[in-house]
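A quick write-up on the structure given underneath.
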Amino acid sequence: MATPLHIAVLAGTTRHERKSIYAARLVAEIGQSIEGITIEFVDPAEFNFPGDGNDPEGKDARYTAIVARADAFFIVTPEYNHSFPGSLKRMLDSELELYVHKPVALAGASSGRWGGVRAIEALVTSVREMGLVATFTDVQFPNVQDKFDTEGKLLDPIYDKLIRGAYAELIWMATILKWGRDNLPRA
Ligand SMILES: Cc1cc2nc3c(=O)[nH]c(=O)nc-3n(C[C@H](O)[C@H](O)[C@H](O)COP(=O)(O)O)c2cc1C
689 MATPLHIAVL AGTTRHERKS IYAARLVAEI GQSIEGITIE FVDPAEFNFP GDGNDPEGKD
749 ARYTAIVARA DAFFIVTPEY NHSFPGSLKR MLDSELELYV HKPVALAGAS SGRWGGVRAI
809 EALVTSVREM GLVATFTDVQ FPNVQDKFDT EGKLLDPIYD KLIRGAYAEL IWMATILKWG
869 RDNLPRA
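Here the working numbering is used: the first residue of the sequence shown is 689, the next is one more, and so on.
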C-alpha cells in the first residue's frame, strides 16, 4: 500500500479568546477520518519563534520538523484587519525552502459575514512567495461564533461536506506534487 500523505493543519492565531480554533480543530478531525492521509495539528500558541525571519535563531525546531515531513498544508485563519494574523505570518516566515512545491488549502473565519475571505486572499500572495501551491476550494466560516457550541461542537452540518471537498482537491494536488518532487529534477 502507498505511504499515506501527511497533512499539517495550521491554526491561525494565538489569541486567548479565539473562536477560529474550533474551525481549525474541525478541519483536523475531519482529515483524520479520511483514508490515505495522516494529520498533524499545529497550534501556533504552542511554538516559540523569537525575533523575525527564518535565520536559525528565529526557528522552532519542532515546526521545522513538521514542515519537513508534511506533504501538504491546510491553513485555517481568522481575519484580522482584512488580512491574516501576525502570529501565523511569523510561524510561516520561519521556514522557506521546506515549503517549495507543496500544496496548501485555505479556510477563513470571521465574526462578520465574509468568513475570512480577505484573510484568504492575503494568504494567497504570501504562500505563493514561499513556493507553496494554493488550491482553490476554500472554506469560509462567517459568523464563526455561531457555528460551534461552547465546547467547540459543530452546529452546522454543511461544513462536513465543504471541508471534505477542500481535502479532495488538496489530496489530488499533494499526490501530483509529491510524485513530481520525488521523480523529477527541481525546476
Ligand atoms: C485584531 C483583530 C482584527 C479583526 N479584524 C477583522 C476584520 O478585518 N474583519 C472581520 O470580519 N473580522 C475581524 N475581526 C474579528 C474576528 O474575525 C473574530 O474575532 C473571529 O472570531 C475570528 O477570530 P478569532 O479566532 O481570533 O476569534 C478581528 C479580530 C481581531 C482580534
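Every residue gets a Cβ at the ideal spot worked out from N, C-alpha and C, and that includes glycine.
Quick caveat: nothing in here was measured; it's all calculated off a predicted structure.
Look at asparagine 742: its beta carbon is at least 7 Å from all of the heavy atoms in ligand 1.
In the three-state reduction of the DSSP assignment, valine 755 falls in the helix class, which pools H, G and I. Within its own chain, the residues whose Cβ lies closer than 8 Å to the Cβ of glutamate 857, once the five positions on either side in sequence are excluded, are Ala793, Thr823, Phe824 and Thr825, listed in chain order. Boundaries of the beta strand (DSSP E) around isoleucine 763: 760-766. Ordered by chain, the residues meeting the criterion of a beta-carbon within less than 6 Å of a non-hydrogen atom of ligand 1 are Thr701, Arg703, Arg706, Lys707, Ser708, Pro766, Glu767, Tyr768, Asn769, His770, Ala797, Ser798, Ser799, Gly800, Trp802, Val832 and Gln833. Rounded to the nearest whole angstrom, the C-alpha separation of phenylalanine 761 and lysine 841 is 23 Å. Each residue's CA atom was taken as its position, placing phenylalanine 772 and glutamate 817 some 16 Å apart. Separation of the CB atoms of glycine 796 and isoleucine 808 is rounded to 4 Å, and the pair is thereby assigned contact status at 8 Å.
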